[in-house]
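Written out below as structure tokens is the structure these notes cover.
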Amino acid sequence: MLGEAIIKGLAVTAKNFALSYVSPERLVTIQYPEERQPLPEATRQFPFLVYDGDDPHAGLRCVACQICEKECPPQCIYIVKSKDKKPDHTGKPQFYPAVFDIDLSVCMSCQICVEVCPFDAIKMDTEFELSTTDRFAGLLYHKEQLAKSNAYYHKIHPTEAAEVDARLAAERAKVAAKPRAASETKAAATAPAAPPALAPGAAVAA
Ligand code: SF4
Ligand code: SF4
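Structural data, given as structure tokens:
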């Protein structure tokens, strides 16, 4: 019947309206911004840069490899690689972004930058209250605004952040084990050869 779906929809609305007086869970609206619904863990808005520890500069995971800049479909990431180096999460000296900007007015939240980053340095934020009267400078986010702590990452995406931590810890352990394995191999190569084993009952030569 023509319009049957509309009538069914209106019936559901009317039922919820009437029952919301006796059953609060039928209230589907909340008093935003005083009240807020919890965001699902998979929520994504715009990217941010993760840093470890307390210092956004020293702990920044990004090594300015510029892969995300090249892969971003609307080309809204702008990176200038540093001239000097600082330790990365494994302690290895690495370049860092002297400049890292994202034009959020152009970003389409596709998450490709996150997928291609080999260092787990860029993740998707859940923050959505970013309205501004300045469409240009107000939405051009710099490194200082983009850098957020690993603790924040855990707060908004706990499952994903725990997986990333485990992966990075395994990488650190692998890097730490390499010099030890190399020195053990070297020590084995320079050690005097063991005398050949004698057959049972054989006489030892004088
Ligand atoms: S989410 Fe997509 S559009 Fe936005 S910065 Fe990353 S790659 Fe570019
Ligand atoms: S965020 Fe990741 S992919 Fe982008 S420059 Fe930094 S390390 Fe490279």
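Sequence positions in the sequence shown follow the working numbering and run 905 to 1110. Using N, Cα and C, we set each Cβ at its ideal position, and we do this for glycine too. Predicted, not measured: the structure shown is a model, and the values here were computed from it.
query                                                                                                                       : result
Alpha-carbon spacing of P960 relative to A922, whole angstroms                                                              : 52 Å
Closest residue to F1032 among T917, E1075, S1013 and R965 (Cα-Cα distance)                                                 : S1013
Span separating the alpha-carbon of A1065 from that of H1058                                                                : 5 Å
Residue interval of the alpha helix (DSSP H) (run including F921)                                                           : E908 to L923
Contact under 8 Å by Cβ, L1008 with F950                                                                                    : yes
Burial state of L953, where buried means 16 or more other Cβ atoms lie within 10 Å                                          : buried
Which of helix, strand or coil DSSP assigns to V984                                                                         : strand
7 Å Cβ shell around A1110 - same chain, five flanking residues per side excluded                                            : The pLDDT assigned to A1110 is 36, lower than 50, so where the model puts this residue is not dependable; a value taken from the coordinates is nonetheless given after this. Within the same chain, A1110 has no close Cβ partners at all.
Beta-carbon contacts of T1036 that lie in its chain and below 7 Å, excluding the five residues immediately before and after : G1042 and L1043
Identified DSSP bridge partners for P951                                                                                    : M1028
Where N1054 falls, given that 16 or more other Cβ within 10 Å makes a residue buried                                        : buried
Chain-order list of residues whose beta-carbon lies under 6 Å from that of A855 (same chain, five-residue window excluded)  : One cannot answer for residue 855 here, as it falls past the ends of the chain, which runs 905 to 1110.
With 16 other Cβ atoms within 10 Å as the buried cut-off, status of I1006                                                   : buried
CA nearest to the CA of P942, picked from P997, T1030, A915 and A1074                                                       : T1030
Collapsed DSSP secondary structure at I934 in the structure displayed                                                       : coil
Nearest neighbour of A1051, chosen from C1017, E908, A1025 and C976 [CA to CA]                                              : A1025
Cβ shell of A1106 (< 6 Å), same chain only, five flanking positions each side left out                                      : The predicted position of A1106 is uncertain, since its pLDDT is 49 and thus under 50; a value taken from the coordinates is nonetheless stated next. Cβ within range, chain order: n/a, list empty.
Nearest-angstrom Cβ-Cβ length linking C976 and I1016, presumed shorter than 8 Å                                             : 6 Å
Rounded straight-line distance, which links the Cα of E1048 to that of E1088                                                : 44 Å
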